[in-house]
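A.B. asks: To start, I am sharing the structure in question, which I have written as structure tokens.
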Amino acid sequence: MVRIAAVGDLHARPGTAARLRPEYQRVAEVADLLLLAGDLTQDGGTDSAAEVCDLFGGLDLPVIAVLGNHDYARGEETTFTEMLTDAGVTVLEGTATVVDTAQGRVGIAGVKGFGGGFAGRTIAKHCEPEMKVFGRHGAATAQALGHALDDLDVDLHVALTHYAPTRTTLVGEPLELYPFLGSHLLGAAIDGEPVSWPEQENRTEGLPLTGMAPSERRQVKLALHGHAHYGTEAGATPAGTEVRNVAAPVIGAPFAVYRLPEVIRIG
């Protein structure tokens, strides 16, 4: 078995590292790797980024992260990424990394993701240029995730995003927010389906794009995301890939631990 610890939406502020560092120093005792699902800071500033580096730097296990919308708030995401990298944290954005464990090779593909909504309630192709930019950006991030997953040749595949790839883990959030909490295109990428925008108009939740069979390139064992503070922990993509919302308010702990390949929460 492989044990994956995960958390998102810590929204670090000054003092966060001093308060939570003891909790994360014990992660290596219960997990093989730690995944961070974005919104690591509250304001995206370098002072808050330094708190995150103090919090997760130098832990005795691999730490892999994606950034969230809050981490982009000041336009300093490149500096934040460099700071995390210097602290020993691997930051993914349309990229992937491999962790060798005693139980096999685990591949993690990650991207922040973006909004756009879910099947049947997405941005229409007949819209203003500004809305088209929104739709195309969401598709581009999903495509990047799919390509990163394609590039992995490992025993276990894991997808890491900030935005949600399914609406099943958004239950508890206001329906009006769903378009800004995630995109079913992320779920399509995770399920191995082609991703594009505008998309075919007859796509419905639970069904692949007509005439497009899901890819057999790999099966993702677990998809992790954050962002939805009032959502639900457990869900799935239309093709049945297990999804977990690990936003800190949802998991109710400094981190959750999942055992793979069964996807059972053990901590």
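First residue of the sequence shown: 1178, per the working numbering; consecutive thereafter. Where a beta carbon is used, it is the ideal one built from N, C-alpha and C, also for glycine.
Just confirm the distance between the C-beta atoms of Thr1267 and Thr1256, as a whole number of angstroms; I'd bet it's less than 8 angstroms.
C.D. replies: The pair is not a contact, with the Cβ atoms about 17 angstroms apart (cut-off 8 angstroms).
A.B. asks: Beta-carbon within less than 8 angstroms of Thr1258's beta-carbon, same chain only, minus the 5 sequence neighbours each way: which residues are those?
C.D. replies: Leu1244, Val1268 and Glu1270
A.B. asks: Can you check which of these residues, Arg1251, Ala1208, Ala1195 and Pro1191, is closest to Ala1183 by C-alpha distance?
C.D. replies: Ala1208
A.B. asks: Measure the Cβ-Cβ separation of Leu1399 and Val1335 and say whether it is below 7 angstroms.
C.D. replies: yes
A.B. asks: If you draw a straight line from the C-alpha of Leu1329 to the C-alpha of Arg1395, how long is it?
C.D. replies: 9 angstroms
A.B. asks: Kindly give me the distance between the Cβ atoms of Thr1345 and Gly1412, rounded to whole angstroms, as I take these residues to be in contact under 8 angstroms.
C.D. replies: 3 angstroms
A.B. asks: Which class does Ser1373 belong to by DSSP, given the choice of helix, strand or coil?
C.D. replies: coil
A.B. asks: Measure the Cβ-Cβ separation of Leu1362 and Gly1315 and say whether it is below 7 angstroms.
C.D. replies: yes
A.B. asks: Output the residue ranges of the alpha helix (DSSP H) runs that lie fully inside the region 1404–1443 and measure 4 residues or longer, sorted by chain position.
C.D. replies: 1425–1428
A.B. asks: In angstroms, rounded to a whole number, what distance separates the CA positions of Gly1359 and Gly1444?
C.D. replies: So the two alpha carbons sit approximately 26 angstroms from each other.
A.B. asks: Spatial neighbours of Gly1281 within its chain, please: C-beta separation below 6 angstroms, excluding the five flanking residues on both sides.
C.D. replies: Asp1332
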